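In this note's numbering, the protein residues as written are -4 to 426.
Positions of the beta carbon are idealized from the N, C-alpha and C atoms, including for glycine.
This one's a predicted model, so the numbers in the text were calculated from it and none came from an experiment.
Please read the structure below before turning to the comments.
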Amino acid sequence: MSGAIAAAGQPTDAQDSWRVSGSARARGETLSGQFRPMAEPSDAVLTTRLTLAVERDVGHVTFGGEVFDSRAFGQGPLSSVGVGEVNALELVQAYAKIRLGARRERTLKLGRFTMDLGSKRFVSRQNFRNTTNAYTGARFDTPLADGALTAFWVMPQVRLPDDRAAIEDNRIAWDRESSDLQFAGLFWTRDLGQRRSLDLYVYGLTESDDADQQTRNRRLATPGVRWRHSPAAGAWDVEVEAAAQVGQVRRSASPADTQDVDVRAGFIHLEAGRTFAHDWSPRLAAQFDNVTGDGGRGDYGRFDTLYGARRFEFGPAGLYGPVSRANLVSPGVRLEVKPDRKLDGFVAVRGLWLEDARDSLGATGVIDPSSDSGRFGGTQIEARVRYKLTPDVTLETGGARLFKGGALTDAPNAPATADTTYGYVDVTYAF
């Protein structure tokens, strides 16, 4: 939040001030060559998102709140539009942030809030997606061992409404949180100097059926590590992140499925790039992701990305979004440019293979339990251009093309459509 606004008749200072921020965004999307089974072969949607956030500092405590109004219009009757696009008039944040210690270097946040941690691959506040992840609970931040520690326990908010008729009508419904879904974690980060940093973390998720929803009864522990040598002009950069996942789940949310299965899953991301000393600051990077899938036998192997973001690595969300951090072997190349302070863009190419040929690739839902369709999912090409029309208004356009491989065309439930083509354009006003 930015832009301190003094209360009437009061001085503007850090101890008694208002901070107000917000945004308005409209986005048009089109998709042809659907990759999802049983969805519109071609689709289009207009989404809108309005946000308003307010904070006030009063001594040792900051009170804050934020409203999201996310809506969708014009999609087809079998559209993939859901709770990722629609969450009308929701109070996603309402918290008190208490500063502790003689130097107020420790903070305790209580209430409803959003979070970004580390790479955002497991805990994130969504930006490209029309709705965001949010949580109700407690978060504690403190310096520790020449680094910074975050400890949290929360109940993730389940976005409502979640039925098709209510989503199409953009109905207003209060998001639900419950002790039947709990998320906790420890995240420690340290700046190692010379553009290097180290993150260590462990996350725990517990989930149970309730009167309103059948679940897969996930009991997951996800420990991980990330080491990064950040980009700089005329220099190489490197990132390595790896996580394991253990626990128990059920293979489906069916009430008839009562068997708990042990989880053995994992994820690794490798990236090496170089930013060239040029006016456009071009950065060329090679990337590789390996994320386990599940073959339906023995231990459960499909990795769960928890509440992470994927757009920054795997392409746009919304009507698109076939690639996610699950059952994936994917090398890629990415070129980023920034001609000036107003304009930036990138183009990226990824090869897509299934880690387990009996499981579905990412978020496609296309599956061949016999594995006869093979492991090649296809090739994705993605591009984006972003331009600041004014300091407060940004215009963005981009798209992706998914050239489908056998795993997405020959599986028993694969849609009989051509390669997927997706495009979008949006304009955002932020203050």
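Fully enclosed beta strand (DSSP E) runs of no fewer than 3 residues occupy 338 to 348 of the region 325 to 367, in order along the chain. Per the DSSP secondary-structure output, Lys383 pairs in a beta bridge with Thr389.
Within the region 78 to 134, the beta strand (DSSP E) runs of at least 3 residues that lie entirely inside it are, in chain order, 82 to 95, 101 to 108. Contact check for Pro151 and Tyr130: beta-carbon distance about 5 Å, within the 8 Å limit, so the pair qualifies. Taken in chain order, the unbroken stretches of beta strand (DSSP E) that lie wholly in the region 238 to 277 and span 3 residues or more are 256 to 270. If you check the CB distance, Thr25 and Glu80 do not come in under 8 Å. One thing to note: Thr42 has its Cβ within 8 Å of the Cβ of Arg66. Secondary structure of Ala413 (DSSP, three-state): coil. Per DSSP, the beta bridge partners of Ile376 are Val344, Arg396. With contacts defined by Cβ atoms closer than 8 Å, Ala378 and Gly393 form a contacting pair. By the C-beta criterion, the region 199 to 207 is judged not to be in contact with the region 223 to 241, since fewer than 3 inter-stretch pairs fall below 8 Å. C-alpha of Val258 to C-alpha of Asp367: approximately 25 Å in a straight line. Taking the CA atoms as reference points, Leu112 sits about 16 Å from Glu234.
For Asp207, same chain residues with a beta-carbon under 8 Å away, outside a window of 5 residues either side, are Arg171 in chain order. From the listed residues Arg245, Gly268, Val62, Leu397, the smallest Cα separation to Ala89 is found for Val62.
Non-local beta-carbon contacts of Asn285 in its own chain, meaning distances under 6 Å to residues more than five positions away in sequence, involve Ile263, Val324 in chain order. Residue Trp222 holds the alpha-carbon nearest to the alpha-carbon of Leu187 among Trp222, Ala321, Val256, Val76. Taking a 10 Å sphere around the C-beta of Leu314, we find 16 or more other C-beta atoms and assign the residue as buried. In its chain, beyond the 5 residues on either side, Tyr90, Ala91, Ala133 have a beta carbon closer than 7 Å to the beta carbon of Leu105.
Within the same chain, Ser37, Thr416 come within 6 Å of Ser27 by CB-CB distance, once the 5 residues on both sides are set aside. Not a single unbroken stretch of the alpha helix (DSSP H) spanning 4 or more residues falls wholly within the region 180 to 222.
Taking C-beta atoms as the reference points, Val220 and Leu195 count as a pair closer than 8 Å. When rounded, the separation of the alpha-carbon atoms in Arg245 and Asp255 is 5 Å. Annotation for Ala19: Leu45, Tyr424 place their beta carbon closer than 6 Å to its own, counting only its chain and skipping 5 residues before and after.
Sorting Asp294, Gly293, Arg329 by C-alpha distance to the C-alpha of Phe307 places Arg329 at the top.
Remark: C-beta atoms of Arg154 and Val78 approach each other more closely than 8 Å.
With 16 or more other Cβ atoms inside 10 Å of its own Cβ, Val40 counts as buried. Residue burial is scored here from C-beta neighbours: Gly59 has at least 16 other C-beta atoms within 10 angstroms and is therefore classed as buried. If you ignore the 5 residues before and after Ala227, its C-beta comes within less than 8 Å of the C-beta of Arg190, Thr270, all in its own chain and listed in chain order.
Annotation: Leu155 is outside any alpha helix (DSSP H) and is labelled neither H nor E by DSSP.
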